[in-house]
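2 protein chains.
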Amino acid sequence: MGRTPSSRPTLARVAERAGVSVSTASLAFSGSGPITPETRDKVLAAASELGYTGPNPLGRQLRRGRSGIVGVVIGDHPGRAFRDPVAVQVLDGLVDVLGTEGLGVLLIPGVDLGQDAVDPLLETAAMDVAVLVWGVLSEDPTLNALQRRNVPVVVGEGRAVEGAPLVALEDRAGAAEAVRHLVELGHTRIAEISLPFGRGERSGPADAERLACADRTPTAHRMAGIRDVVDPVITWETPASLVEHGRDAATEILGTWVPASERPTAIVAHSDLLAAGAVIAARELGLSIPEDVSIAGFDGLDLPWLSPDVLTSVHQPLREKGARLGRAVIDLLAGEEPTSIALPVGLVPGTTTGPVPRT
Amino acid sequence: MGRTPSSRPTLARVAERAGVSVSTASLAFSGSGPITPETRDKVLAAASELGYTGPNPLGRQLRRGRSGIVGVVIGDHPGRAFRDPVAVQVLDGLVDVLGTEGLGVLLIPGVDLGQDAVDPLLETAAMDVAVLVWGVLSEDPTLNALQRRNVPVVVGEGRAVEGAPLVALEDRAGAAEAVRHLVELGHTRIAEISLPFGRGERSGPADAERLACADRTPTAHRMAGIRDVVDPVITWETPASLVEHGRDAATEILGTWVPASERPTAIVAHSDLLAAGAVIAARELGLSIPEDVSIAGFDGLDLPWLSPDVLTSVHQPLREKGARLGRAVIDLLAGEEPTSIALPVGLVPGTTTGPVPRT
DNA sequence: CCGCGCGGTCAAATCGTTTCGATCCAGGTG
DNA sequence: CACCTGGATCGAAACGATTTGACCGCGCGG
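Chains as they are written, first to last, in our numbering: chain B, 647 to 1005; chain R, 647 to 1005.
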């Protein structure tokens, strides 16, 4: 019980050895408060003789009442969540900003959709704030667990949560802009490849009833933005923002679904990964882009492997979003009342969209 | 000073309200030790009346002497490190296994190569063990910082470190196998696209002197494996395992570097991302794969966007590697002496390698 | 009838640090 | 020479929990 000689030296032992009080020794390390350089050196010398490696973070945290840890709830296992460059870039901005304040990021796997149990880390891990990067469902078990524990929450890209700052993107306006671009090029038969709807991941065309279930953000916002301009001739739902799902969807949409004469002349996808999959499917079907079909994405990712095509996409400031999330966390910890914001997005035309083919 | 009425209720207050001692109240929550169901309910009731949300992790951690946190040092900012699916998959396996023990993963950005300062988290954050996933340099400042703090370390994919278990892959054998495959197909003019060498990232052909500087793993191991079978006609060094770098390298190697008659007939890349870039470059140059040039990668990633090509690659059990790292961490915490291992790898032929073109 | 053992409860010691307020001392001022 | 000021140091009280060993009835076997 700590009586073993092998247990690490403590500040008290260092102080004793240096012939000063514990409080003074603490001062020598924390740097705050007045202390003679001479005394400090004495303490530091004693510390190094004893092999003391600096104040124990656990003691410090308890005393301070802060862990210096920010829990980041990722949508799923990292293996899936981080296959999406969008999540990665947001995380990057977040880590960067939090790093400037010495805050660390603790990775918390979100719920396995369909499971009711949440990760034990959510219930027990020490964290000063939690960030929900990937949106919030209605009746989100993750959010509930955090609120039960009174952990302050910052929400990225979801519906607003009582008392929690929200950092969003102007999804709806962006989606509308992308579709307007297609309409201006003359397209009328526009197909939509959508992100997951929420609970119950599936793939395939969505009917009106199913469309009404899309409660996850940003899916719902992007759907709304598209419909602000035009009604898609078909909406193909996917289980995740991955290239292979976009490819599967577009293979159906462009291939067997309808006779060639009624084939959609343009596809708008909810994400660049889905759009890239659509581009690949079109290539495989022998269609020229954008002569036969136009394809627009959403995210503004840099996808060198899609070469020579460059996606027409809606650029989002993703690292900036992560950074804003970080700022919100910091403000929250400083006791300030942080404000929600929506970051602007903008269409960046590439080579994958062009005038509607003359028939 | 905790004298404010707004401060959270503590176990002591709950105990007082329930009319029991603090120790009994603790028992009611921790579940260990004998306690009458009746008493437990009394405590739980008092807790919910007071809005007590369970034992404060900070207090618990201090008492236990454990934080339940595993620091994972990623090579760089997440934005760069996680663009590599290899790192992501390893992390995935790691998080999964640690999760079963209630251990959380704290993300720690590695050093900015060239900077001498390490991330403050490395110096101050609470962690029971640290994992270096992405290899260790000789004289690694990150490793030094951890050793100075007496934090136990588990190393993935690097050189062995005194007292730290190592979880590696049979890189050398795998690389040799890939090249042997090319040689058996008749290739003799084989070019190598390599991972970063270590400090000082650059891109371009590497001369003998430069080759000697490759001290980072797994680069060094893969280079050695390749040379166990054949000497590459050229080694092109890249600053990171990214598609665009592979593309740039292959554009040079296959294009302008030598007259077409002396052009390498095969390329072996140290990673699948680099190899994928090479495939794209070959396509852009109008070369057929594998008729004009064979390309082999390393990692065994699933790259749907490379369709219709499927990379010939050396499959690595990446999630398994992460899981083993996790096990090593758990063993270390249990006081057992964990052992180092090297996981087997195996060649998986795809469509990107074929017989040497007849000239 | 006595003592033993056992399940449930409690008191007290720790874990290692930070910080508030008090103390002490040297040096400058009236 | 006494007083005051301000900087350096110190003591002690938190911070919030876990855990050990003692304690205390009570039921049962001898």
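Just so it is clear, CB atoms sit at the ideal spot from N, CA and C, and this is done for glycine as well.
Since the model is a prediction, treat every value here as computed from it, not as a measurement.
Between S959/B and G946/B, is the Cβ-Cβ spacing less than 7 angstroms?
In this structure, G946/B lies closer than 7 angstroms to S959/B by Cβ.
Would N796/B pass as an interface residue toward chain R - the criterion being a Cβ-Cβ separation below 7 angstroms?
At least one chain R Cβ lies under 7 angstroms of N796/B.
Between E803/B and chain R, is there a C-beta pair that is closer than 7 angstroms?
It does not; no Cβ of chain R falls within 7 angstroms.
Using a threshold of 7 angstroms, state whether the C-beta atoms of A661/B and V668/B are closer than that.
Yes, these two residues count as a Cβ contact at 7 angstroms.
Could one say the Cβ of R649/B lies closer than 7 angstroms to chain R's Cβ atoms, at least one of them?
Since pLDDT at R649/B reaches only 37, below the 50 mark, its modelled position is unreliable, and no value is offered.
Which residues in chain B have a C-beta closer than 9 angstroms to the C-beta of R893/R? List them in chain order.
Residues of chain B passing the Cβ test: P950, W951, S953.
Between the alpha carbons of H867/R and D817/R, how many angstroms are there, rounded?
When rounded, the distance between both Cα atoms is 6 angstroms.
Can you name, in chain order, every residue of its own chain whose Cβ lies under 8 angstroms from the Cβ of V994/B, other than the five neighbours on each side?
So the qualifying residues of the chain are G946, T958, S959, V960, H961.
So, under 8 angstroms CB-CB, V777/B and L752/B are touching, yes? Tell me the CB distance rounded to an integer number of Å.
Actually they do not touch by this definition, with Cβ atoms about 10 angstroms apart.
Determine, using beta-carbon pairs with one atom in the stretch 818-828 of chain B and one in the stretch 859-876 of chain B, whether at least three such pairs fall under 8 angstroms.
The stretch 818-828 of chain B vs the stretch 859-876 of chain B: in contact.
Closest Cβ-Cβ distance between H723/B and chain R: below 7 angstroms?
Answer yes: the Cβ-Cβ gap between H723/B and chain R drops below 7 angstroms somewhere.
Taking C-alpha atoms, which residue in W780/R, V743/R, T999/R, N796/R lies nearest to R965/R?
The candidate whose alpha carbon is nearest that of R965/R is V743/R.
Identify each residue in the stretch 960-989 of chain B for which the Cβ-Cβ distance to at least one residue of chain R is less than 8 angstroms, and report them in chain order.
Within the stretch 960-989 of chain B, the residues whose Cβ lies closer than 8 angstroms to some Cβ of chain R are R965, listed in chain order.
For W780/R, does the three-state DSSP call read helix, strand or coil?
W780/R falls in the coil class under three-state DSSP.
Output, in chain order, the set of chain R residues within a Cβ distance shorter than 8 angstroms of R729/B.
Per Cβ cutoff of 8 angstroms: P731, V734.
Does I872/B get closer than 7 angstroms to chain R when you measure Cβ to Cβ?
For I872/B, the answer is no, since every Cβ of chain R falls outside 7 angstroms of its Cβ.
Determine the chain R residues that contact D742/B at a beta-carbon separation under 7 angstroms, and present them in chain order.
Those are H723, listed as they occur along chain R.
Considering only DSSP beta bridges, list what S840/R is partnered with.
According to DSSP, S840/R bridges with E883/R.
Whole angstroms is fine: what's the gap from V939/B's alpha carbon to A922/B's?
Rounded to whole angstroms, V939/B to A922/B spans 13 angstroms at the Cα level.
Can you grab the Cα-Cα spacing for the pair E937/R / I880/R, in whole Å?
The alpha-carbon atoms of E937/R and I880/R are separated by roughly 21 angstroms.
Any C-beta of chain B sitting closer than 7 angstroms to the C-beta of G748/R?
By this cut-off, G748/R is an interface position.
Look at the alpha carbon of V734/B and the alpha carbon of Q793/B, and state the distance between them as a whole number of angstroms.
Going from the Cα of V734/B to the Cα of Q793/B covers about 26 angstroms.
Give me the Cα-Cα distance between R973/R and T998/B, rounded to the nearest whole angstrom.
R973/R and T998/B: Cα-Cα distance of roughly 47 angstroms.
I need the straight-line Cα distance from A727/R to V904/B, nearest angstrom please.
Rounded to whole angstroms, A727/R to V904/B spans 43 angstroms at the Cα level.
Measure from the alpha carbon of L900/R to the alpha carbon of each residue in D853/R, T670/R, V925/R, then state which is nearest.
That would be V925/R, whose Cα lies nearest to the Cα of L900/R.
For E890/B and chain R, any beta-carbon pair shorter than 7 angstroms?
Cβ-Cβ to chain R under 7 angstroms: yes for E890/B.
Should R654/B go down as buried or exposed, given a rule of 16 or more other Cβ atoms within 10 Å for buried?
Exposed, because fewer than 16 other Cβ atoms sit within 10 Å of the Cβ of R654/B.
What's the call for S840/B, buried or exposed, on a 16-neighbour Cβ count within 10 Å?
Result: buried.
Answer yes or no: do G714/R and L749/R have a C-beta to C-beta separation smaller than 7 angstroms?
Contact: yes.
In the structure shown, what three-state DSSP assignment does I935/R receive?
Note: I935/R maps to coil in three-state DSSP.
Do V797/B and I754/B have their beta-carbon atoms positioned less than 7 angstroms apart in this structure?
No; because the gap between Cβ atoms is not below 7 angstroms, this pair is not in contact.
Classify T863/B: buried if its beta carbon has 16 or more other beta carbons within 10 angstroms, exposed otherwise.
T863/B should be labelled buried.
Under DSSP, the alpha helix (DSSP H) around L792/B begins and ends at which residues?
L792/B -> alpha helix (DSSP H) spans 787-794.
Identify, in the order they occur along the chain, each residue of the same chain with its Cβ nearer than 7 angstroms to the Cβ of S887/B, setting aside the five sequence neighbours on each side.
Excluding positions up to five away in sequence, the list reads D730, L841, S917, L919, L920.
Tell me whether H833/B sits in a helix, a strand or coil according to DSSP, three-state version.
If DSSP states are grouped into helix, strand and coil, H833/B belongs with coil.
Using DSSP's beta-bridge definition, name the partner residues of H961/B.
Answer is D945/B, G992/B.
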